[in-house]
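Student:
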Amino acid sequence: MALKKDYLNYYQYLGVKEGEQVASVGAASGYVELIIASYVKNVKWMLQDIDTTCLNLRVFNQFKNHDEELLQRNIESDFDFLIGTQNATNLPRMQYDRILLVNVYHELTQPEAIMKDLFGALKPNGVVAIQERMATKRGQKHRDCGHRKLFEMDFIQKMNEYGFRLEKKIIAEELSQLCY
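Each residue of the sequence shown is one higher than the last, beginning at 1290 in the working numbering.
Right under this line is the structure:
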């Protein structure tokens, strides 16, 4: 099944656990979060984005209904939605065990403001899990969006400047998972 393959190949490494409160920044339609919720129950999700054409109940429910039909069961997690801006997530303070950025960081126009915002939204000992396609040399671009790919050493240095420390790095097929 495609959902399970995607979960096992990419999204299990984000480390979402049953009972956690998880925010996903740049969640768009909630596609990734629904895949995770298909295999990790009882997560309290906050899906955040700046684009209401992607993040809205109608689009989300289309994906949710499709996934539940494939699974032949209900997805057992709670989902809320939050609209942010380019320089603020609007996430409540000290609320989340884990914050996800899945293929999003390279699109941030104000990364320093967003990362500082995320730092304040984490509970003590909370984790930010970032999944990105990293460049193998400086200057490479994403084929799908045209944004510049992150160069790992530069990215890790930036995260350190923002007050995060690298906890673990996982390479899964083409996507690197960095947890802070």
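Cβ atoms here follow ideal geometry from the backbone N, Cα and C, with glycine treated the same way.
1) Where do the ends of the beta strand (DSSP E) carrying L1411 lie?
2) Provide the residue span of the beta strand (DSSP E) that contains R1387, from first to last.
3) Our contact map puts A1410 next to Q1375 with C-beta atoms below 8 Å; I'd like the distance itself, whole angstroms only.
4) List the DSSP bridge partners of A1424.
5) Strictly by DSSP, which residues pair up with F1368?
6) Just to confirm, are T1342 and I1372 a CB contact at a threshold of 8 Å?
7) Are V1391 and V1321 close, meaning C-beta to C-beta below 8 Å?
Tutor: In this structure, then:
1) 1411-1421
2) 1385-1391
3) Going by Cβ atoms, the distance from A1410 to Q1375 rounds to 17 Å, so no, they are not a contact pair.
4) F1440
5) W1334
6) no
7) yes
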